[in-house]
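S.K.:
Number of protein chains: 2
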Amino acid sequence: MGRRQLWDQDEVLASAMRLFRHRGYLGASLRDIEEATGLHPGSLYRTFRNKDGLFHAALDAYNERVVQGRVRVHLLEPADPLAGIRSFFTSAIETGAEPDPGCLLTNTAVESFTLPETAAGVHHGLAAIEGGFADALTRARHRGDTPPDLDVATTAAHLLALYQGLLVLVRAGLPRTTLHSVTDGAMASIGSLRTVRKQDDHE
Amino acid sequence: MGRRQLWDQDEVLASAMRLFRHRGYLGASLRDIEEATGLHPGSLYRTFRNKDGLFHAALDAYNERVVQGRVRVHLLEPADPLAGIRSFFTSAIETGAEPDPGCLLTNTAVESFTLPETAAGVHHGLAAIEGGFADALTRARHRGDTPPDLDVATTAAHLLALYQGLLVLVRAGLPRTTLHSVTDGAMASIGSLRTVRKQDDHE
DNA sequence: TATTTTTGTGAGCAATCGTTCAACTACGGA
DNA sequence: TCCGTAGTTGAACGATTGCTCACAAAAATA
């Protein structure tokens, strides 16, 4: 009943996502959004309520498609979990695309402006990454690729922070060599996090 | 010659810095700036040329006062360098202030919007932090607190990334326990980065 | 076919943005 | 004391912001 929607919601969210990654929430005006998505204000406000609503939808789509996709490909599926973790880091450096758009989670966490719905979306995405690390580390431990007493939870949080920091440095435009040495450091640091003992052992 | 300036430039830059840390560049309007600094538009534009100029001056002031101050207190001066590194991390978590304003370097690197003068300011500040880590690590190595073949440069870059990542997670509002385990991970990972060999040793 | 319902279109709203500028105020030197 | 100079003030500018709404177009129902 009624006229059919002429545009594809997935495509619109994909271009909105692209725009927000490049320009941020405040930096993307509704004229920019109109140009990027091809959607006129009326349709946009009918569907997403307002700019916040569109952003929220784009963030959700980013979590579902980009984040979970990357987690699956690099952290959950590879037969060699440590190699997967490494490629998760290096793929964030070698983006190919000319000016790196940055991660929408990182950018949103920092731009913040404390929209509660947005905070929940960021937490959700970060938890997905952390969970992916934890899964890969557990599998690596079972394969004997790490010390048997590796503290999986702590190491996963450690890698999450390192990954977010890497994205900041990528965004800051630091040289590739520096960024790759961060990746090397990430890999080397796996194994240094053991379960806490009463006494700290030597090395 | 002429009327005397009624306001103190350091105080104005301090409040501008505070405002930019909370709201970001785009999120801080000139009306906000006027309210925060007490400066009327005319005086502001006479002194700083425009909003970019004020932001640039505030970023420089942040580097000189906050960043270099923190680097000195936690990384350069402490007799125990590793304890200093730890306090450098924990002091970023326990800010005391209710809503954490975040680090202006991190926020600016992510908000980006590629203002060339701004990029230089960010690089400068990040280099100061990395340099502080390198100094502390070198001293720790001389004291015998780390393996003698510690790769100081790589570890410093590693800690810089970890620190920036921690600030993102702080800004995202992750629980204290998670943040502190990141710090623990940072300390534990020092020592895992040796100078590269032909063969990788066990452990 | 006539009617109802949904969607597309874009001109235009009030509010706010960064910025300018003319009038005003205080100081030093003649 | 009068003038030149530097600083302060705040009204107001054009541009842009997020957003609304009256109208046109297309599909489903009668």
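Chains as they are written, first to last, in our numbering: chain A, 9 to 211; chain B, 9 to 211. Just so it is clear, CB atoms sit at the ideal spot from N, CA and C, and this is done for glycine as well.
Which of the residues in the region 9-34 of chain A, read from start to end, lie with their CB under 7 Å from any CB of chain B?
M.R.: Within the region 9-34 of chain A, the residues whose Cβ lies closer than 7 Å to some Cβ of chain B are GLY32, LEU34, listed in chain order.
S.K.: Which word fits PRO49(B), buried or exposed, when buried means at least 16 other C-beta atoms lie within 10 angstroms of its C-beta?
M.R.: As a first step, residue 49(B) is located in the second sequence; it is residue number 41 there, counting from the start. Flag for PRO49(B) reads exposed.
S.K.: Can you tell me the Cα-Cα spacing of ASP209(B) and ILE198(A), whole angstroms?
M.R.: Numbered from 1 along the second sequence, position 201 holds the residue referred to as residue 209(B). Numbered from 1 along the first sequence, position 190 holds the residue referred to as residue 198(A). Residue placement at ASP209(B) is flagged as unreliable, the pLDDT there being 46, under the threshold of 50; the coordinate-derived value follows with that caveat. Answer to the nearest angstrom: the Cα atoms are 15 Å apart.
S.K.: Is SER120(B) close to chain A? Criterion is C-beta to C-beta, closer than 9 Å.
M.R.: As a first step, residue 120(B) is located in the second sequence; it is residue number 112 there, counting from the start. Output row for SER120(B): interface = yes.
S.K.: Please list, in chain order, all residues of the same chain as ASP143(B) whose beta carbon is under 7 Å from its beta carbon, the five residues on each side excluded.
M.R.: If you number the second sequence from 1, residue 143(B) lands on position 135. Correct list, in chain order: LEU83, LEU84.
S.K.: Taking only three categories from DSSP, how would you classify ARG26(A)?
M.R.: Here residue 26(A) is taken as the residue at index 18 of the first sequence, counted from 1. It is helical.
S.K.: Do you know whose CA, among THR186(A), ALA22(A), LEU90(A), lies nearest THR146(A)'s CA?
M.R.: In the first sequence, the residue the question calls residue 146(A) occupies position 138. Residue LEU90(A) is the option with its Cα nearest to THR146(A).
S.K.: Given 8 Å as the limit, is there contact between the region 117-133 of chain A and the region 153-169 of chain A, that is, 3 or more CB pairs closer than that?
M.R.: Too few Cβ pairs lie closer than 8 Å, so no.
S.K.: To the nearest angstrom, how far is the alpha carbon of ALA117(A) from that of ALA127(A)?
M.R.: Sequence index remark: in the first sequence, residue 117(A) carries index 109 (1-based). Sequence index remark: in the first sequence, residue 127(A) carries index 119 (1-based). The alpha-carbon atoms of ALA117(A) and ALA127(A) are separated by roughly 7 Å.
S.K.: Are the CB atoms of LEU112(A) and ARG29(A) within a distance shorter than 9 Å?
M.R.: In the first sequence, residue 29(A) corresponds to position 21, counting from 1. In the first sequence, residue 112(A) corresponds to position 104, counting from 1. Contact flag set, yes.
S.K.: With 16 other CB atoms within 10 Å as the buried threshold, where does ASN58(A) fall?
M.R.: Position 50 of the first sequence, counted from the first residue, corresponds to residue 58(A). With fewer than 16 other Cβ atoms within 10 Å, it is exposed.
S.K.: Classify GLU211(A) as buried or exposed, calling it buried when 16 or more other Cβ atoms lie within 10 Å of its own Cβ.
M.R.: Numbered from 1 along the first sequence, position 203 holds the residue referred to as residue 211(A). Caution applies to GLU211(A), whose pLDDT of 42 falls short of 50 and renders its modelled position unreliable; the value that the coordinates give is listed next. With fewer than 16 other Cβ atoms within 10 Å, it is exposed.
S.K.: List, in chain order, every chain A residue whose beta-carbon is nearer than 7 Å to that of GLN76(B).
M.R.: Here residue 76(B) is taken as the residue at index 68 of the second sequence, counted from 1. The contacting residues do not exist; GLN76(B) stays about 18 Å from chain A at best.
S.K.: Residues of chain B with CB under 7 Å from ARG179(A), in chain order?
M.R.: What you label residue 179(A) is simply residue 171 of the first sequence in a count that begins at 1. Residues of chain B passing the Cβ test: ALA117, VAL118, SER120.
S.K.: As an exercise, report each continuous beta strand (DSSP E) stretch of at least 3 residues that is fully enclosed by the region 38-97 of chain A, in chain order.
M.R.: Qualifying beta strand (DSSP E) stretches: none in this window.
S.K.: Check distances from the C-beta atoms of the region 90-106 of chain A to those of chain B and list, in chain order, the residues that come in under 7 Å.
M.R.: Cβ contacts with chain B: none found.
S.K.: Measuring CA to CA, which of LEU27(A), LEU182(A), MET25(A) is closest to HIS132(B)?
M.R.: Mapped onto the second sequence, residue 132(B) falls at position 124. If we check each option's Cα against that of HIS132(B), LEU182(A) comes out closest.
S.K.: Taking the alpha-carbon of ALA148(A) as reference, which of TRP15(A), GLN172(A), ARG94(A) has the nearest alpha-carbon?
M.R.: Counted from its first residue, the first sequence places residue 148(A) at position 140. Checking every option, the nearest Cα to that of ALA148(A) belongs to ARG94(A).
S.K.: For a contact defined as C-beta to C-beta under 7 Å, what are the partners of VAL190(B) on chain A?
M.R.: The sequence position of residue 190(B) within the second sequence is 182, counting from 1. Those are ALA165, HIS166, ALA169, listed as they occur along chain A.
S.K.: Using a cut-off of 7 Å between C-beta atoms, extract the partners of THR146(B) located in chain A.
M.R.: Indexing the second sequence from 1 puts residue 146(B) at position 138. Chain A residues near THR146(B): none, gap ~17 Å exceeds 7 Å.
S.K.: Can you give me the C-alpha to C-alpha distance between SER189(A) and VAL178(A), rounded to a whole angstrom?
M.R.: As a working note, residue 189(A) is residue 181 in the first sequence. As a working note, residue 178(A) is residue 170 in the first sequence. C-alpha separation (whole angstroms): 13 Å.
S.K.: In chain B, which residues lie with their C-beta within 8 Å of the C-beta of THR186(A)?
M.R.: Along the first sequence, one-based indexing puts residue 186(A) at 178. By Cβ distance, chain B contributes ALA165.
S.K.: So which of ARG26(A), GLY92(A), ASN71(A), ALA196(A) has the shortest CA-CA distance to PRO155(A)?
M.R.: Here residue 155(A) corresponds to residue number 147 of the first sequence, with the count starting at 1. Checking every option, the nearest Cα to that of PRO155(A) belongs to ALA196(A).
S.K.: Does the beta-carbon of MET25(A) have 16 or more other beta-carbons within 10 angstroms, so that it is buried, or is it exposed?
M.R.: For the purposes of this step, residue 25(A) is identified with residue 17 of the first sequence, where counting begins at 1. Buried: at least 16 other Cβ atoms inside 10 Å.
S.K.: Could you tell me the boundaries of the alpha helix (DSSP H) in which LEU158(B) lies?
M.R.: Taking the second sequence and counting its residues from 1, the one referred to as residue 158(B) is at position 150. Run containing LEU158(B): none; DSSP gives neither H nor E here.
S.K.: Quick one: what does DSSP say ARG149(A) is sitting in, helix, strand or coil?
M.R.: Your numbering for residue 149(A) matches position 141 in the first sequence. Residue state, collapsed to three classes: helix.
S.K.: Note the first and the last residue of the continuous alpha helix (DSSP H) segment covering ALA194(B).
M.R.: In the second sequence, the residue the question calls residue 194(B) occupies position 186. Here the alpha helix (DSSP H) through ALA194(B) covers 184-197.
S.K.: Can you check whether the CB of GLY173(B) is closer than 9 Å to the CB of ALA169(A)?
M.R.: Position 161 of the first sequence holds residue 169(A). Position 165 of the second sequence holds residue 173(B). Their beta carbons are under 9 Å apart, which means ALA169(A) touches GLY173(B) by this criterion.
S.K.: So, do the region 101-110 of chain A and the region 29-42 of chain A have three or more beta carbon pairs nearer to each other than 8 Å?
M.R.: Contact holds: three or more Cβ-Cβ distances are below 8 Å.
S.K.: Measure from the alpha carbon of THR45(A) to the alpha carbon of each residue in GLN17(A), LEU67(A), HIS64(A), then state which is nearest.
M.R.: Position 37 of the first sequence holds residue 45(A). Out of GLN17(A), LEU67(A), HIS64(A), GLN17(A) has the C-alpha closest to the C-alpha of THR45(A).
S.K.: Look up ARG11(A) in the DSSP assignment and say whether it is helix, strand or coil.
M.R.: As a position in the first sequence, residue 11(A) is number 3, starting the count at 1. Coil at ARG11(A), not helix or strand.
S.K.: Note down, in chain order, each residue of its chain lying with its Cβ closer than 6 Å to the Cβ of SER23(A), except the 5 sequence neighbours on either side.
M.R.: To locate residue 23(A), count along the first sequence from 1; it is residue 15. ALA44, THR45.
S.K.: Under 7 Å Cβ to Cβ from PHE97(B), same chain only, skipping five residues before and after it: list those, please.
M.R.: By 1-based counting over the second sequence, the position of residue 97(B) is 89. Hits under 7 Å: TYR171, LEU174, THR191, ALA194.
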